[in-house]
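Read the structure below first, then the notes.
There are 2 protein chains.
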Amino acid sequence: MTDLTPDEQLLEFFKALADANRLKIIGLLAQSDLSVEELAAMLGLRPSTVSHHLMVLSLANLVSARAESYYNVYTLKPGALEGMAKTMLAQETLPSIAAGVDTNAYDRKVLHDVLLPDGRLKIIPAQRKKLEAVLRHIVAAFEMDVRYPEKQVNEILAQFHEDTATLRRELIGHKLMAREAGIYWRLSDSANSRAADSGG
Amino acid sequence: MTDLTPDEQLLEFFKALADANRLKIIGLLAQSDLSVEELAAMLGLRPSTVSHHLMVLSLANLVSARAESYYNVYTLKPGALEGMAKTMLAQETLPSIAAGVDTNAYDRKVLHDVLLPDGRLKIIPAQRKKLEAVLRHIVAAFEMDVRYPEKQVNEILAQFHEDTATLRRELIGHKLMAREAGIYWRLSDSANSRAADSGG
DNA sequence: AAATCAATTCGATACTAATCGAATTGATTT
DNA sequence: AAATCAATTCGATTAGTATCGAATTGATTT
Numbered sequence: 001m002t003d004l005t006p007d008e009q010l011l012e013f014f015k016a017l018a019d020a021n022r023l024k025i026i027g028l029l030a031q032s033d034l035s036v037e038e039l040a041a042m043l044g045l046r047p048s049t050v051s052h053h054l055m056v057l058s059l060a061n062l063v064s065a066r067a068e069s070y071y072n073v074y075t076l077k078p079g080a081l082e083g084m085a086k087t088m089l090a091q092e093t094l095p096s097i098a099a100g101v102d103t104n105a106y107d108r109k110v111l112h113d114v115l116l117p118d119g120r121l122k123i124i125p126a127q128r129k130k131l132e133a134v135l136r137h138i139v140a141a142f143e144m145d146v147r148y149p150e151k152q153v154n155e156i157l158a159q160f161h162e163d164t165a166t167l168r169r170e171l172i173g174h175k176l177m178a179r180e181a182g183i184y185w186r187l188s189d190s191a192n193s194r195a196a197d198s199g200g
Numbered sequence: 201m202t203d204l205t206p207d208e209q210l211l212e213f214f215k216a217l218a219d220a221n222r223l224k225i226i227g228l229l230a231q232s233d234l235s236v237e238e239l240a241a242m243l244g245l246r247p248s249t250v251s252h253h254l255m256v257l258s259l260a261n262l263v264s265a266r267a268e269s270y271y272n273v274y275t276l277k278p279g280a281l282e283g284m285a286k287t288m289l290a291q292e293t294l295p296s297i298a299a300g301v302d303t304n305a306y307d308r309k310v311l312h313d314v315l316l317p318d319g320r321l322k323i324i325p326a327q328r329k330k331l332e333a334v335l336r337h338i339v340a341a342f343e344m345d346v347r348y349p350e351k352q353v354n355e356i357l358a359q360f361h362e363d364t365a366t367l368r369r370e371l372i373g374h375k376l377m378a379r380e381a382g383i384y385w386r387l388s389d390s391a392n393s394r395a396a397d398s399g400g
């Protein structure tokens, strides 16, 4: 029954509560256990409709039913709401939702637009976001923890574009590289940066 | 902007998160602020679609946008998720959702089916839920904190049905009244009972 | 001033989900 | 055994919404 990943479970939970009548059902069951007919009368709906809503809530593990003669009496599952609320608040939940997402897609799209087949730049884009995507790609040509003299920096940058001076300046300005006394080195990605360059 | 009652706000919140792509947007924004185009590339959607999703999330007060040149950079509203999670957990939230619901509707429906125009019972229903609804109606004819001798109890019950013995027995059995040494008195509603009899 | 760019709005389309009535199922009462 | 009852399932209809492409808007760059 719980063959769902945590994010699928969370989505199921939100979908279950994203309906006015289902929310009311939860509110009513919080006060007392009720049968399908009772809920139908209170909500002004047909029993078949209420049965459907209760099925959705069951699949989201929010309610359960017990048989009493020919009644099906539904109960709020104790701790179900609390559990999901805590899941929402948990630090690891949000990142895990985005886990399956291709966060490099934008950079790839920009590079696809701006790169020639040989890997050189058609142009150095003027738009900030595009420029940043290009710079993230270029800086991957430098190794971490290595000190580069300016001559070597220019040789590497020249593989991408003849205007090495602009590229140097932008790499520094966007804090992807640092310079001191004519020596350059790569800076580690800040929190707001993307995953590692996928090297397309 | 917040001309919504608490329950409408809660529903808006759940609706906003009841979509896989919007959940992913929240997950991505939890890691870093992003523009519409970046989100569109990551999710494999058109900018217009993402714009629509961001509008929904904005109306639910989950994200906000800041203009940066011609980019619209979206941010997770700090504390928004936490706030809603706490609202979910709050003791008073659940009952307030069901506040507008007519909890007497089932009893009224049963009474409408089983009562004659003069207020007498066509039959004493066999089904437990229906019987309970009828008993809740009948017990309202007795005052709280008054001690009734059996003779007077029978007179009152006879207004509803000739089989006063059965009615007496069921009222006791369902703990709506109690008896001791031939004296009867009404019991206060337990947690699982309905609101006061609407006296139709 | 013209061209470019990202975002939004709008209209159309496809998909999903809510609701109902009819038929069916399981259980209980007569 | 037959009749009654509540719940569920099923099929059809309707309402809502996700998605897209085209057009528009505001801002920036050339």
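Protein chains in written order, with my numbering: chain A, 1 to 200; chain B, 201 to 400. No residue lacks a Cβ here, since even glycine has one placed at the ideal position from N, Cα and C.
- Under the criterion of beta carbons closer than 8 Å, H174(A) and L135(A) qualify as touching, at roughly 6 Å.
- The straight-line gap separating the alpha-carbon atoms of E370(B) and M344(B) is approximately 18 Å.
- Pairwise C-beta distances place the segment 325-335 of chain B out of contact with the segment 234-245 of chain B, as fewer than three of them are shorter than 8 Å.
- Nearest to I25(A) by C-alpha distance, out of I123(A), N154(A) and Y74(A), is Y74(A).
- In this chain, the beta strand (DSSP E) harbouring P149(A) covers R147 to P149.
- Rounded to whole angstroms, the gap between the alpha carbons of A216(B) and S258(B) is 9 Å.
- The criterion of a C-beta distance shorter than 8 Å is satisfied by G27(A) and A298(B).
- L23(A) places its beta carbon less than 8 Å from that of L210(B).
- Counting along the chain, the unbroken beta strand (DSSP E) around E68(A) starts and ends at V63 to E68.
- In the DSSP assignment, I323(B) falls outside any alpha helix (DSSP H), carrying neither H nor E.
- Shown in chain order are the members of the segment 96-111 of chain A whose Cβ falls below 9 Å from a Cβ of chain B: S96, I97, A98, A99, G100, V101, D102, T103, N104, A105, Y106, D107, R108, K109 and V110.
- Closer than 9 Å at the C-beta level to chain A, one finds these residues of the segment 230-250 of chain B: A230, Q231, S232, D233, L234, S235, E237, E238, L239, A240, A241, M242, L243 and G244.
- By the Cβ rule, the segment 42-49 of chain A counts as touching the segment 299-307 of chain B, because three or more pairs are nearer than 8 Å.
- In this structure A230(B) is in contact with L94(A), their Cβ atoms being roughly 4 Å apart against a cut-off of 8 Å.
- For G227(B), the nearest CB of chain A lies under 8 Å from its own CB, placing it at the interface with that chain.
- The C-alpha of Y384(B) lies about 35 Å from the C-alpha of G300(B).
- Within its own chain, the residues whose Cβ lies closer than 6 Å to the Cβ of F342(B), once the five positions on either side in sequence are excluded, are R386, listed in chain order.
- Chain-ordered, the chain B residues with CB closer than 9 Å to the CB of D7(A) read A220, L223, K224 and G227.
- A Cβ-Cβ contact shorter than 8 Å links L311(B) with H337(B).
- Apart from the 5 residues on each side of it in sequence, A158(A) sits with its Cβ closer than 7 Å to the Cβ of T164 in its chain, given in chain order.
- Looking only at R168(A), E12(A), V153(A) and S96(A), the smallest Cα-Cα distance to I124(A) is reached by R168(A).
- Every alpha helix (DSSP H) of 4 residues or more that sits fully in the segment 78-118 of chain A is shown, in chain order, as 80-89, 93-97 and 105-114.
- In the same chain as Y271(B), and ignoring 5 residues on each side of it, the C-beta atoms closer than 7 Å to its own belong to S235, in chain order.
- For S69(A), a Cβ of chain B is located within less than 8 Å of the residue's own Cβ.
- Here T5(A) carries a coil assignment [DSSP, helix/strand/coil].
- The distance from the Cβ of L262(B) to that of K277(B) is about 6 Å, consistent with a contact at the 8 Å cut-off.
- Remark: C-beta atoms of I172(A) and A178(A) approach each other more closely than 8 Å.
- Separation of the CB atoms of A60(A) and E12(A) is rounded to 5 Å, and the pair is thereby assigned contact status at 8 Å.
- In the DSSP annotation of this structure, the continuous segment of the beta strand (DSSP E) that includes E380(B) starts and ends at M377 to E380.
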